Ligand SMILES: Nc1ncnc2c1ncn2[C@@H]1O[C@H](COP(=O)(O)OP(=O)(O)OP(=O)(O)O)[C@@H](O)[C@H]1O
Ligand SMILES: [Mg+2]
């Protein structure tokens, strides 16, 4: 082992591909001159124990079977057990030909990029003549992952959890019935008949929906209800999350598509706040994905459901027909009966007829507004009762009205603040532009 490399600090927080490659070249390659090696980025699926445990020795990867893993000493990576059966370190993956006359190893090195342990990178060093075997192995890992989640739990890429069970149904989401039916019919229609029609037309079965609306109208709830519906059918749902230190990266979308491509049943990819992914450097890649030309897709159909608060910020090229198939506007409360329904659901057993008076006032507000208002009023009432040593009964309408006024005043003040700032910014920009023009001609 090269003494200089040994004295390198241990790289727990970064994979440092260049140092690993140096280690490869100094240690692994000279020790294995029998092959010409290819080093490739790989995926955490090849390191996930629950997936590896499901690979049977009989599975045929282009004439080879997978016969197990042994650890390899690599001073550059601390060996740490992370979440969900992932660990850092270097490993040999052994493959043996079906008739037993040939065998080879793939060196796999993996490390966590951040302390949270959710940002994980994997490199594979493969004998050149066996790259196809390795690719078949990776595909099988994706297929096992998809099978494990079909009809069970939403698989999460990025973010801080690995999977979740969607707890909302269409009945929980209070929105115009026609809108909910329209969204569900579009999705059902795609999977029940659309996929077949796409293939008859020699088109890739990729259906893309955008849910747009101001914050708090229930877009996430609606996507959760859709996810639940998909799982109830035995289908697969992949949720792409930008809420980790890596943020909204195209690599996460790519990974979701790679899993969807290998899945053996209809698949939904959920991409919340798509506008965050559309920054300059990634926009072309995302347009490419939406076009689907270069995207590998499964034959059972892939549904992409994206959400945004800023439909106006989404490039017209993204909204062009063919890139997005349907755009649904998710509105704030549209009428008094609907507002009443929303209030009823958040007041629960504290609802009574006199609170109906608030219905018309709530039109134009969001579900999130009503929920906060109801919660604040209920907490204030519970506190009042506690102070007075009384048992809570029906929530007085005055308390609810007070909560409405306070929340509305706060929201109005916030909106005014934002508007003033934007106007100020516009004015400053105009003055600066005038100055620039004056300088140009002076
Ligand atoms: N249509 C709705 N029906 C029932 N509850 C709602 C509705 N809209 C909002 N809520 C309540 O407000 C909370 C926030 O809603 P949600 O996260 O779905 O809004 P959103 O449109 O996704 O907002 P954002 O654009 O900020 O992500 C929900 O968890 C729910 O409690
Ligand atoms: Mg949301």
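Residue numbers (the numbering used here): 22 to 463. Glycine residues also receive a C-beta, built at the ideal position from the N, C-alpha and C atoms. Since the model is a prediction, treat every value here as computed from it, not as a measurement.
- For residue 210, the enclosing alpha helix (DSSP H) stretches over residues 198-210.
- For residue 392, the enclosing alpha helix (DSSP H) stretches over residues 388-409.
- Taken in chain order, the complete beta strand (DSSP E) segments of 3 or more residues contained in the segment 285-323 are 288-292.
- In this structure residue 399 is buried. Its beta-carbon is surrounded by 16 or more other beta-carbon atoms within 10 angstroms.
- Bounds of the beta strand (DSSP E) holding residue 125 are 124-133.
- Distance from the C-beta of residue 240 to the nearest heavy atom of ligand 1 is below 7 Å.
- Distances from the CB of residue 91 to the heavy atoms of ligand 2 are all 7 Å or more.
- Note that the C-beta distance between residue 285 and residue 157 is not below 8 Å.
- Beyond the five residues adjoining it in sequence on each side, residue 344 comes within less than 8 Å, by CB distance, of 229, 308, 311, 312, 338 in the same chain, given in chain order.
- Secondary structure at residue 255: coil, using DSSP grouped into helix, strand and coil.
- With contacts defined as CB atoms closer than 8 Å, residue 420 and residue 391 fail to qualify as a contacting pair.
- By the beta-carbon neighbour count (other beta carbons within 10 angstroms, threshold 16), residue 442 is exposed.
- Straight across, the Cα-Cα distance linking residue 393 with residue 404 is about 16 Å.
- Here DSSP, grouped into helix, strand and coil, assigns residue 429 to helix.
- For residue 276, the enclosing alpha helix (DSSP H) has its first and last residue at 271-283.
- By the 16-neighbour rule on beta-carbons within 10 angstroms, residue 122 is exposed.
- Here residue 215 is buried: its Cβ has 16 or more other Cβ atoms, across all protein chains shown, within 10 Å.
- With a 10 Å radius around the Cβ and a threshold of 16 neighbouring Cβ atoms, residue 257 comes out buried.
- Boundaries of the alpha helix (DSSP H) harbouring residue 167: 152-170, taken from the DSSP string.
- No residue range can be given for residue 83, since it is assigned to no beta strand (DSSP E) and is classified by DSSP as neither H nor E.
- In terms of Cα proximity to residue 186, the closest of 252, 205, 221, 231 is 252.
- Distance from residue 61 to residue 147 at the Cβ level is roughly 7 Å; contact confirmed, criterion being Cβ atoms closer than 8 Å.
- With a cutoff of 8 Å on beta-carbon distance, residue 129 and residue 114 are scored as near each other.
- For residue 292 against residue 327, the beta-carbon gap comes to about 4 Å, under 8 Å, which counts as contact.
- Residue 387 has its CB no nearer than 7 Å to any heavy atom of ligand 2.
- Boundaries of the alpha helix (DSSP H) around residue 383: 380-383.
- Bridge partners of residue 238 according to DSSP: none are assigned.
- Residue 68 and residue 162 have their alpha carbons spaced roughly 9 Å apart.
- In this structure, DSSP gives residue 351 a state outside helix and strand, which the three-state scheme calls coil.
- In the same chain as residue 375, and ignoring 5 residues on each side of it, the C-beta atoms closer than 8 Å to its own belong to 418, in chain order.
- DSSP places residue 77 outside both helix and strand once states are collapsed to three, so it counts as coil.
- CA-CA distance, residue 76 to residue 194, rounds to 40 Å.
- Annotation for residue 328 indicates a beta carbon within 7 Å of some heavy atom of ligand 2.
- The residue among 415, 88, 234 with its C-alpha nearest the C-alpha of residue 78 is 88.
- Assigned with DSSP and collapsed to three states, residue 438 falls in helix.
- Taking a C-beta distance under 8 Å as the contact criterion, residue 205 and residue 191 qualify as a contact pair.
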